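In full-length UniProt numbering, the protein residues as written are 1 to 342.
Read through the structure below, which is laid out as structure tokens, and then see the notes.
Below is the structure:
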């Protein structure tokens, strides 16, 4: 009885970790659709003749609010000892990585959402997993997981099938929205490689909070300097403050809370499996919330994606003795879980 109790005590956190990861994946899969829906609501409730619920305002306010759960989880990492351990080279690399991951990447993703459908944005980002594995093998000298790489290529093929058959019904075209989504994915992948190669000793909390604060500041300065209309002067309009909390509570606070707890208690393989379903979940949610039509290619593409997921799992099952904690792969897995909106 005592032994059974011990097993149950160990299994319970693992069960909740897996469950929370799936909840987080579904929430983040909904992020793009929720953002797009809020912008549409703002367009229907204009202030002084224009929409104040812009992608730029949502990004900045959302990122500021995201600091609440980050500080809750990671404030212990911000010690004088941890900060003194960083060299000038570390800070330089951290700034470059932050600029890419928290200013360039979200800015491009939001630009993509302004110019194409959520479905196309999600599909355009599917080349990230195989690209990350390949770059990690080349630049970080990490062992290439051939099963995961093959699975990622097949998942990418499924995404291409969905996009190609969808666009063939209206005339195949790759617009600036799709291009922006691809460049955003490439930006995030490069920033992740930089982070894993040079900042492995950096506490996750220092990286996450610093990335959010500096990335948001850079994004604001960039928009103020280059944009003819300063969105941020209208950031505190009542209609925006009313609806931002729908986004903030659901996507940012609950999303980050479940994601971080999931990473803490689930193992890396379970987290990777959950994130594999992110593109299908994101497209399905866009159909429900926005009424988007994924086209006739959705079913055959989904079947191909499921096959790719199964193939990637075979490689994980062949290494049952790996005990690497999920938290150690959190930065890598962030790129697979779908864009989080911040």
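Where is the CB? At the ideal position from N, CA and C, for every residue including glycine.
These numbers were taken from a predicted model, which means no experiment stands behind them.
- Assigned with DSSP and collapsed to three states, residue 51 falls in coil, not helix or strand.
- By the Cβ neighbour-count rule, residue 216 is buried, with 16 or more other Cβ atoms within 10 Å of its own.
- When DSSP assignments are scanned along the UniProt domain "EamA" (176-311), no uninterrupted stretch of beta strand (DSSP E) that is 3 or more residues long falls wholly within it.
- Where residue 107 is concerned, the enclosing alpha helix (DSSP H) starts and stops at 105-115.
- Note on the UniProt domain "EamA" (16-163): whole alpha helix (DSSP H) runs with a minimum of 4 residues are 31-44, 55-74, 80-84, 88-99, 105-115, 118-124 and 128-139, in chain order.
- Linking residue 193 to residue 39 through their CA atoms gives a straight-line distance of about 33 Å.
- Cβ contact annotation for residue 301 (same chain, cutoff 6 Å, sequence separation greater than five): 158, 161 and 162, in chain order.
- If the five residues before and after residue 260 are omitted, its C-beta is found closer than 7 Å to the C-beta atoms of 73, all from its own chain and listed in chain order.
- For the 8 Å CB-CB criterion, residue 25 and residue 251 do not form a contact.
- With respect to residue 100, residue 208 sits apart: the two C-beta atoms are not nearer than 8 Å.
- Taking C-beta atoms as the reference points, residue 191 and residue 66 fail to come closer than 8 Å.
- The C-beta of residue 32 has 16 or more other C-beta atoms within 10 Å across all chains shown, which makes the residue buried.
- Taken through DSSP and simplified to helix, strand or coil, residue 174 comes out as coil.
- If you draw a 10 Å sphere on the C-beta of residue 88, you find fewer than 16 other C-beta atoms in it, and that means exposed.
- Of the residues assessed, residue 166 falls on the buried side of the cut-off, its CB having 16 or more other CB atoms within 10 angstroms.
- Taking residue 150 as the centre and dropping the five residues before and after it, the same chain places the C-beta of 311 closer than 7 Å to its C-beta, in chain order.
- Here the alpha carbon of residue 263 sits roughly 20 Å from the alpha carbon of residue 189.
- Measuring C-alpha to C-alpha distances from residue 290 to each of 116, 109, 237 and 145 identifies 116 as the nearest.
- Residue 61 is a Cβ neighbour of residue 235, given a cutoff of 8 Å.
- Cβ-Cβ distances below 7 Å link residue 135 to 189 and 193 in the same chain, with the five nearest sequence neighbours on each side left out; the list follows chain order.
- Considering only 19, 114 and 102, the residue with the shortest C-alpha distance to residue 179 is 114.
- Between residue 279 and residue 174, the C-beta gap is not smaller than 8 Å, which leaves the two residues out of contact.
- Rounded to whole angstroms, the Cβ separation of residue 41 and residue 53 is 6 Å, and the two are in contact under 8 Å.
- Excluding residues up to 5 positions away in sequence, 276 lie with their Cβ nearer than 6 Å to the Cβ of residue 309 in the same chain.
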